[in-house]
Amino acid sequence: MKALSSMKRVWRHGGAVSTGVAIGLVLLLVTWLAYIDGGSRSSYVHFYYIPIVAASYVLGDLGGIVTAFAAALLAALLPTFLGTREPPQDMIVRGLLFYFIGLMTSRLFSKLRERREDASSLLEVSRSVNASIRLAEVLRTITQTAVNITAAKASSIRLLTPDRRELTPAASYGLSLDYLAKGPSLLAESSLDRDVIAGHAVAVLDITRDSRFRYRDEARAEGLVSLYCLPLRRGEETFGVLRVYAGTQHQWSRRERRLLQAFAEQASVAIHNARLHEHLRRSYWETVSALARAIEAKDPHTLGHSERVTDYALQLGRSLDLTAEQLETLRFAATLHDVGKIGLTEASLSRSGHLDMTDEVVLRMHPLIGISILQPVEFLAPALDAVHYHHERWDGKGYPQGLAGEDIPLFARILAVASVYDNLRTAAPGHLGMSAQEAARALKRAAGRELDPELTAVFLQALQSEASGSAAGPHP
-1 MKALSSMKRV WRHGGAVSTG VAIGLVLLLV TWLAYIDGGS RSSYVHFYYI
49 PIVAASYVLG DLGGIVTAFA AALLAALLPT FLGTREPPQD MIVRGLLFYF
99 IGLMTSRLFS KLRERREDAS SLLEVSRSVN ASIRLAEVLR TITQTAVNIT
149 AAKASSIRLL TPDRRELTPA ASYGLSLDYL AKGPSLLAES SLDRDVIAGH
199 AVAVLDITRD SRFRYRDEAR AEGLVSLYCL PLRRGEETFG VLRVYAGTQH
249 QWSRRERRLL QAFAEQASVA IHNARLHEHL RRSYWETVSA LARAIEAKDP
299 HTLGHSERVT DYALQLGRSL DLTAEQLETL RFAATLHDVG KIGLTEASLS
349 RSGHLDMTDE VVLRMHPLIG ISILQPVEFL APALDAVHYH HERWDGKGYP
399 QGLAGEDIPL FARILAVASV YDNLRTAAPG HLGMSAQEAA RALKRAAGRE
449 LDPELTAVFL QALQSEASGS AAGPHP
């Protein structure tokens, strides 16, 4: 990275030198044309504006002013070269005009460049914020980006509670846990927050001395000084507050305010969309979970199987150090792994064995029926393989495709261990449920044949650790 930065600086320096040389040559060319055309009163003198404007655009204020000064000097020397005289006021007016053109064009180009950079920043912000539809990830991205686009010290988002009485922390960047746990933000106790919730952006030069800010001592200890608050709103609804903190007294410029306002509007849309997605996700989850429970309810002996398998699978997943996202996928898969049994009759579900041919075909088809039910839901896509292959066996004698060993997806192997263990522990027509010790021995016998031996060992170790922890727990 350092080498790349050095290369960029060298390239920029070389580009500036090349531009300066080119502008110098253009100045000399214009001077020569004016010289052969009669001097400073030649119409060619107006061509001096070209290098002045070019220098202002490429080299900024200093480049434009230096070029304007050089153009004025060369134009003033033309009468000397030709052996004539020019009124001093003409030289002064021309010099001032060149200076004004150089300065104004450089400022104009600077503003245009600033707007372009702002637009580019907002585009990148929009892409990064909308790259995720998970609310927690969206909020974290917003707080980090708010700091980056203003070079502030920290940022936080607080969302209104359903009763609209309090702002609770939802995400932060650059703030310590101690500061975030400083206390509640009740609207009744904060006129500053009430103003923001009413739809106004509020700037505070020094929150450690402003009576509107309740936690002044905590802010001082955190090293926070200036604050800029913006409402997060969609339409007429305000649902939260974006706070950006500076570590020193900072007057928020018009550019920063404009940029943060545009960013807050984009962030509000992203939060609104993420909330809608979470709502749809939760609604579908609740619907399908209810369907799974309804299927299990057809046979009282299997009622609660999915919930228990989910608990066992998550216990094994945590022992394997799966990420939070992987654990969530595993939870979906475990809860919905038998949803395809909707095609089985109540009589078939209640029989412990000896299914007729039709029921046997439907039973072996239930993983395929399950994924056909879940496939239309995009967020469940990572869970489909587990639902599809949870009846495959380590020795290749399972169904629906006869996969073996590690060709079986990891989550499917986890579900197989959890499901077999629950079946061993649960009483059903024809057999009593086993004790934990008996089920553990049976699971060991199934390892290497029906179940992944490594996952089985990890699961049994997790069960043993849990049992030991319960036995060693505190006593009254």
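Those letters in the sequence shown? Residues -1 to 474, by the numbering used here.
Beta carbons: idealized from backbone N, C-alpha and C, even for Gly.
On a predicted model such as this, the values are computed, not experimentally measured, just so you know.
{"Asked": "I believe I99 touches A66 by the beta-carbon criterion, under 8 Å. Please report the beta-carbon distance rounded to the nearest angstrom.", "Found": "7 Å"}
{"Asked": "Quick check: the Cα distance between R253 and A53, rounded to an integer number of angstroms?", "Found": "25 Å"}
{"Asked": "Go ahead and pull the three-state DSSP assignment for G172.", "Found": "coil"}
{"Asked": "Please determine, among A440, A32, R411 and A265, the residue with the shortest C-alpha to C-alpha distance to F79.", "Found": "A32"}
{"Asked": "Consult DSSP for S350 and reduce its assignment to one of helix, strand or coil.", "Found": "Unreliable positioning characterises S350 in this predicted model, as indicated by a pLDDT of 47, which lies under 50. A coordinate reading is not provided."}
{"Asked": "Using a Cβ-Cβ distance cut-off of 8 Å, determine whether L31 contacts chain D.", "Found": "Annotation note: the requested chain D is absent from the structure, which comprises a single protein chain."}
{"Asked": "Ignoring anything shorter than 4 residues or poking outside the segment 134 to 199, list the alpha helix (DSSP H) runs there in chain order.", "Found": "175 to 178 and 189 to 195"}
{"Asked": "State the Cα-Cα distance for the pair L458 and G368, rounded to the nearest angstrom.", "Found": "29 Å"}
{"Asked": "Grab me the residues of R255's own chain with a C-beta within less than 8 Å of its C-beta, minus the 5 sequence neighbours each way, in chain order.", "Found": "A199, A201 and Y226"}
{"Asked": "Between which two residues does the alpha helix (DSSP H) holding L258 run?", "Found": "R252 to A295"}
{"Asked": "Buried or exposed for H335, please, with buried defined as at least 16 other CB atoms from any protein chain shown within 10 angstroms of its CB.", "Found": "buried"}
{"Asked": "Quick check on this structure: which residue in T159, L222 and A410 has the alpha carbon closest to the alpha carbon of G315?", "Found": "A410"}
{"Asked": "Between D191 and L165, how many whole angstroms is the CB-CB distance? I'm expecting something under 8 Å.", "Found": "6 Å"}
{"Asked": "My output table needs one value for A244: the three-state DSSP class, helix, strand or coil.", "Found": "strand"}
{"Asked": "Go ahead and pull the three-state DSSP assignment for R231.", "Found": "strand"}
{"Asked": "Roughly how far, in whole angstroms, is the beta-carbon of P374 from the beta-carbon of Y387, given that I think they are within contact range, below 8 Å?", "Found": "No, P374 and Y387 are not in contact; Cβ-Cβ is about 20 Å, not under 8 Å."}
{"Asked": "Are the beta-carbon atoms belonging to V51 and T103 less than 8 Å from one another?", "Found": "yes"}
{"Asked": "Quick one: grab the DSSP three-state call for S3.", "Found": "Low confidence applies here, because S3 scores a pLDDT of 41, under 50, leaving its location unreliable and the question unanswered by this model."}
{"Asked": "If you follow the alpha helix (DSSP H) that S417 is part of, which residue opens it and which one closes it?", "Found": "L408 to R423"}
{"Asked": "Below 8 Å CB to CB, which residues in the same chain sit around V145 once its five sequence neighbours on both sides are set aside?", "Found": "K151, A152, S153, Y171, G172 and V242"}
{"Asked": "Per DSSP, what kind of secondary structure is F98 in: helix, strand or coil?", "Found": "helix"}
{"Asked": "Looking at L25 and A69, is the spacing between their C-beta atoms short of 8 Å?", "Found": "yes"}
{"Asked": "Locate the alpha helix (DSSP H) running through V223, then write down its first and last residues.", "Found": "It is not in any alpha helix (DSSP H) - V223 carries neither H nor E in the DSSP assignment."}
{"Asked": "My guess is that Y282 and Y419 are in contact by the Cβ rule of under 8 Å, so how many angstroms apart are they, rounded?", "Found": "About 28 Å separates the two Cβ atoms, so there is no contact after all."}
{"Asked": "Excluding the 5 residues flanking V15 on each side, which residues of the same chain have their C-beta closer than 6 Å to its C-beta?", "Found": "none"}
{"Asked": "Less than 8 Å separating the beta-carbons of L274 and I412?", "Found": "no"}
{"Asked": "Please classify H44 as buried or exposed, where buried requires at least 16 neighbouring CB atoms within 10 angstroms.", "Found": "exposed"}
{"Asked": "Does the beta carbon of F261 fall short of 7 Å from some heavy atom of the ligand COA?", "Found": "Of the ligands one can find in the structure shown there are none, so the ligand COA has no counterpart to examine."}
{"Asked": "Assuming I155 contacts L240 under a Cβ cut-off of 8 Å, what Cβ separation, rounded to an integer in Å, is found between them?", "Found": "6 Å"}
{"Asked": "Alpha carbon to alpha carbon, how far is A322 from M432? Give it in angstroms, no decimals.", "Found": "32 Å"}
{"Asked": "In this structure, how does DSSP classify L25 when only helix, strand and coil are distinguished?", "Found": "helix"}
{"Asked": "Measure how close the beta-carbons of E187 and R212 come, nearest whole angstrom, since I'm counting them as under 8 Å.", "Found": "6 Å"}
{"Asked": "Have a look at A445 and I269 and give me their C-alpha separation to the nearest angstrom.", "Found": "47 Å"}
{"Asked": "CA-CA distance, R391 and A384?", "Found": "13 Å"}
{"Asked": "S287: which of R362, T333, G245 and L301 sits nearest, CA to CA?", "Found": "T333"}
{"Asked": "Over what stretch of residues does the alpha helix (DSSP H) that includes R439 continue unbroken?", "Found": "A434 to A444"}
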